[in-house]
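> Heads up, the sequence shown stops at 532 in the working numbering, and the numbers go up one at a time, no gaps.
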Amino acid sequence: MPHITVKPFETSSITLGKYGEKTEVLFKAEDNFSKDELIAVYHGNENFLLQLKKNPESWLLKYDKVTRPLKVNLVKQAIGDIAKHLGLETLQSNITIHETKVRLSSAYEKRIEDFTNINFPFESLAIEVGFGSGKHLLYQAQKNPEMLFIGIEIHTPSAAQVLKQIEILGLKNVWVVNYDARLLLEMMPSNSCHKIFVHFPVPWDKKPQRRVISSAFLEESMRVLQLDGRLELRTDSPKYFWYSLETFLGEGVAKTNVEIRKNEALEVTSKYEARWLRQEKDIYDVYVTSLEVSETRILDFDFSFKEDIVYKKEILDKLTYKPQLFDGFFIHFERLFKIADEAILIKLAFGSFDRPEHKYIYLDKQRAYYFNANPVKTLTNYKTHLKIMEYLNV
Ligand SMILES: C[S@@+](CC[C@H](N)C(=O)[O-])C[C@H]1O[C@@H](n2cnc3c(N)ncnc32)[C@H](O)[C@@H]1O
């Protein structure tokens, strides 16, 4: 991910305003504990943060994981503009822009926020969770041009590579979302999908809370699938197979039909699957068909902050950095950054235990808001947002 290493410099030289034609510095914020800094930039119609890590010998100016845009070039350009404008002495850099390597077909890149009031340009939809190299997703899209395929992948370079493939292949029926599939599913309309593919999910044997398959995921999948729509899990892990089967047959699961297959050959083999086939490993499929029509879901949660929630000194006294647990959600204020005498940025994790959100909250004397985007509109996030407001209302 983009970064440069530079010789230490006087950070008071980072003033607000334009850095070249396209980059604008909106504010900077100093970490209360480490003295590392965050620089908020506006570039290419996007707001995001850059981190300045002050190691003893050299400093690192790099992307920020929570706010980074999918288009890695924006971060590279912003870092380059700032370094040039400030005349920083660069010791090491990986911000060269390879136009052909990373050009993205943005019409097919969707953001999680886009799904709030979405119109699908196709009648029939399918989702692929964690498409990796995208071989199966692209194959399905080519074979079924009348259907829209929504690929959700948490790993940014894989998402970027598949966007490039979509452009090369001239496909018009694939969308790519670079996000956690578990959260995106909650944004999808009920009864809207024909298929949900989950092929070779990471088994996470030591951290099961990170698994894609869970009771909550099954419940959401069954809601999103239309009547007779099917969730298809394919795995090489016997443990994951048994775990999923137990989840799918568990108590309280809606009316479904569950089928299992062993060593079924598909028309397309992903790179990942090919490796297991060479090793003659068994492959398991579990198909779960939805046999019920689900209730409509309306996403009308408001994530703005009430007017009286603004910067007050008492917030600093109250902030505790230990995770706070509530019924079904948590709030963990992780770090505090000072922007000015009466303006701060709080980094926090919150929401459901297995799908936490990571965000920044900006507060000054006039207002408070999530920088650079509101949380995903799930009920759990909304309940947590109400609790956060209660906590910051001192
Ligand atoms: C083992 S790979 C399999 C890739 C591909 N399905 C295949 O068959 O080759 C698992 C993929 O799931 C992605 N992934 C893991 N957790 C995810 C999540 N919560 N949401 C979206 N993608 C996820 C990983 O980044 C990785 O690309």
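We put the CB at the ideal spot given by N, CA and C, even for glycine.
Predicted model, so just to flag it, every value in this text is computed and none were measured.
#1: Which of helix, strand or coil does DSSP assign to M139?
#2: What is the DSSP secondary structure of S196, counted as helix, strand or coil?
#3: One question on the structure: do L199 and L188 come within less than 8 Å of each other, judged by their Cβ atoms?
#4: Can you grab the Cα-Cα spacing for the pair G489 / T149, in whole Å?
#5: Between which two residues does the alpha helix (DSSP H) carrying Q347 extend?
#6: Please classify H313: does DSSP put it in a helix, a strand, or coil?
#7: Can you pull the DSSP bridge partners for H496?
#8: Between D318 and ligand 1, is the CB less than 7 Å from at least one heavy atom?
#9: Flag G268 as yes when its Cβ comes closer than 7 Å to any non-hydrogen atom of ligand 1, and as no otherwise.
#10: In whole angstroms, what separates the C-alpha of T294 from that of Q347?
#11: In angstroms with no decimal places, state the Cα-to-Cα distance between S375 and D420.
#12: Hey, F287 and L275 are a contact pair by Cβ (cut 8 Å); roughly how many whole angstroms apart?
#13: Taking its Cβ as the centre, do 16 or more other Cβ atoms sit within 10 Å of L387, making it buried, or is it exposed?
#14: Using the Cα positions of E433 and S328, report the straight-line distance between them to the nearest angstrom.
#15: Might you give, ordered along the chain, the residues of its own chain that have their beta carbon closer than 8 Å to the beta carbon of K444, omitting 5 neighbours on each side?
#16: According to DSSP, which residues form a beta bridge with L112?
#17: Can you name the start and end residues of the beta strand (DSSP E) that A264 belongs to?
#18: Can you tell which of K460, S151, A478 has its C-alpha closest to the C-alpha of L486?
#19: Relative to ligand 1, is the shortest distance from any of its heavy atoms to the C-beta of F491 smaller than 7 Å?
#20: How about H274: is its Cβ closer than 7 Å to a heavy atom in ligand 1?
#21: Measuring CA to CA, which of I351, H332, K333 is closest to P339?
#22: What separation, rounded to the nearest whole angstrom, lies between the Cα atoms of F475 and E405?
#23: Nearest by alpha-carbon distance to N535: which of S330, P207, P513, T161 is it?
#24: State yes or no: is the C-beta of L363 within less than 8 Å of the C-beta of F253?
#25: Whose C-beta lies closer than 8 Å to the C-beta of S243 among residues of the same chain, with five residues either side of it excluded?
#26: When you measure from the CB of I499 to every non-hydrogen atom of ligand 1, does any distance come out below 7 Å?
#27: If you count every other CB in all the chains shown that lies within 10 Å of the CB of T458, and 16 or more means buried, which is it?
#28: Which word fits D438, buried or exposed, when buried means at least 16 other C-beta atoms lie within 10 angstroms of its C-beta?
#29: For the putative contact between L229 and S196, defined by C-beta atoms under 8 Å, what is the C-beta separation to the nearest angstrom?
#30: With DSSP as the reference, label D459 as helix, strand or coil.
#31: Considering T385, what are the terminal residues of the alpha helix (DSSP H) in which it resides?
#32: Given this structure, state the Cα-to-Cα distance separating K166 from I469, to the nearest angstrom.
#33: Got a sec? Which residues, its chain only, sit under 7 Å from V431 by beta carbon, not counting five neighbours each side?
#34: Indicate the three-state DSSP secondary structure (helix, strand or coil) for Y449 in the structure shown.
Reading from the atomic positions:
#1: Coil at M139, not helix or strand.
#2: Taken through DSSP and simplified to helix, strand or coil, S196 comes out as coil.
#3: Taking 8 Å as the Cβ cut-off, L199 and L188 qualify as a contacting pair.
#4: Rounded to whole angstroms, G489 to T149 spans 35 Å at the Cα level.
#5: Here Q347 belongs to no alpha helix (DSSP H), and DSSP marks it neither H nor E.
#6: Note that residue 313 is Trp in the sequence shown, not His. Of the three classes helix, strand and coil, the one that applies to W313 here is strand, per DSSP.
#7: Paired residues: A487.
#8: Yes, Cβ of D318 sits closer than 7 Å to a heavy atom of ligand 1.
#9: G268: yes, Cβ under 7 Å from ligand 1.
#10: Each residue's Cα considered, the two are about 21 Å apart.
#11: So the alpha carbons of these two residues sit roughly 8 Å apart.
#12: The pair is a contact, with the Cβ atoms about 6 Å apart (cut-off 8 Å).
#13: Label assigned to L387: exposed.
#14: Each residue's alpha carbon lies about 7 Å from the other.
#15: Contacts found: M527, N531.
#16: Nothing in the structure corresponds to residue 112, since the chain is present only between 139 and 532.
#17: Annotation: the continuous beta strand (DSSP E) that includes A264 extends over 262 to 267.
#18: The shortest Cα separation from L486 among K460, S151, A478 belongs to K460.
#19: False, no ligand heavy atom lies under 7 Å from that Cβ.
#20: H274: yes, Cβ under 7 Å from ligand 1.
#21: Ranking the options by Cα distance to P339, first place goes to I351.
#22: Taking the straight line from one Cα to the other gives about 52 Å.
#23: With the chain covering only 139 through 532, there is no way to say anything about residue 535.
#24: No; because the gap between Cβ atoms is not below 8 Å, this pair is not in contact.
#25: For S243, the predicted structure reports a pLDDT of 44, less than 50, and the residue's modelled location is therefore unreliable. A value from the coordinates is still provided. Excluding residues within five positions, the ones whose Cβ falls inside 8 Å are L301, K302, I304, E305.
#26: No.
#27: Residue environment: T458 is assigned as exposed (fewer than 16 neighbouring CB atoms within 10 Å of its CB, all protein chains considered).
#28: Counting the other Cβ atoms within 10 Å of the Cβ of D438 gives fewer than 16, which makes it exposed.
#29: Taking C-beta atoms under 8 Å as the contact rule, L229 and S196 qualify, at a distance of about 6 Å.
#30: Before going further, note that residue 459 is Tyr rather than Asp in the sequence given. Three-state result, Y459: coil.
#31: 376 to 386 is the span of the alpha helix (DSSP H), which, as asked, contains T385.
#32: Answer to the nearest angstrom: the Cα atoms are 25 Å apart.
#33: N329, L365, listed in sequence order.
#34: Residue state, collapsed to three classes: coil.
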